[in-house]
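According to the numbering used here, the stretch in the sequence shown is residues 579 to 732, in order.
Ideal Cβ positions, reconstructed from N, Cα and C, are used throughout, including at glycine.
These figures come from a predicted structure and were not determined experimentally.
Written out below as structure tokens is the structure these notes cover.
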Amino acid sequence: MQTLLSAQRDAEEDRTMTAYDDQNIFAKILRDEIPSMRVYEDDDTLCFMDIMPRADGHCLVIPKTPCRNVLDASDAQLAAVMATVKKVANAAMAGLEADGITIQQFNEAPGGQEVFHLHFHILPRHEGVSLRAPGQMGDMEQIKAISEKISAAL
Ligand code: AMP
């Protein structure tokens with residue numbers, strides 16, 4: 579018979595665990611069903627440009643295997659993604675002559691997440707330049723040119 583404690587645990591899992599949906603936009607990018615500007619990839623991770631950049635060089639790092647966010651990611655997925663974040667962040671520092679890097683990561687809608695495949699934002703920063711407002715489509719040619727500068731520094 580289920581105890582009160584185990585029933586409570588089940589209820590908590592129902593509340594916090596939402597299944598991964600393989601129709602999310604980043605899963606489609608991984609399957610090449612929609613286009614992306616790829617900056618870097620290895621066996622476990624992909625980095626591509628954000629099409630609504632809040633800073634020049636704004637890009638996203640994702641695992642190639644499914645998980646919604648940090649809350650359900652395996653340690654191996656997190657380790658692989660963070661290694662790529664570090665690699666691309668250093669390339670952005672060099673290739674864009676950035677003064678710093680902001681890393682952002684959101685979990686579930688109340689935490690600010692909009693696309694439910696784990697991703698880390700890499701936002702190259704220049705002294706005195708604020709982040710742009712979210713949700714503004716960038717100039718694709720300009721984003722492409724910036725992505726090539728990051729790739730060249732990898
Ligand atoms: P969030 O889930 O809040 O961390 O943000 C999702 C990010 O994905 C936003 O910065 C969007 O600009 C970005 N984004 C949405 N669709 C695409 C796409 N097709 N290609 C590249 N970036 C995207």
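Measure how close the beta-carbons of residue i and residue j come, nearest whole angstrom, since I'm counting them as under 8 Å.
{"i": "Pro736", "j": "Asp622", "result": "There is simply no residue 736 to check, as the chain begins at 579 and stops at 732 in what is shown."}
{"i": "Pro712", "j": "Met630", "result": "7 Å"}
{"i": "Ile679", "j": "Ala670", "result": "6 Å"}
Tell me where the alpha helix (DSSP H) around residue i begins and ends.
{"i": "Leu608", "result": "Ile603 to Leu608"}
{"i": "Ile721", "result": "Met718 to Ala730"}
{"i": "Val791", "result": "Any property of residue 791 remains undetermined from this structure, which presents the chain solely from 579 to 732."}
If you draw a straight line from the C-alpha of residue i to the C-alpha of residue j, how long is it?
{"i": "Asp599", "j": "Phe694", "result": "8 Å"}
{"i": "Asn668", "j": "Phe698", "result": "15 Å"}
I'd like the span of the beta strand (DSSP E) that includes residue i, first residue to last.
{"i": "Gly678", "result": "Gly678 to Gln682"}
{"i": "Met627", "result": "Thr623 to Met627"}
{"i": "Leu638", "result": "Cys637 to Pro641"}
{"i": "Val703", "result": "Looking at the sequence itself, residue 703 is Arg, so the reference to Val does not match. Element bounds for Arg703: Phe698 to Arg703."}
{"i": "Arg616", "result": "Arg616 to Glu619"}
Who pairs with residue i in a beta bridge, going by DSSP?
{"i": "Tyr598", "result": "Paired residue(s): none; Tyr598 is not in a bridge."}
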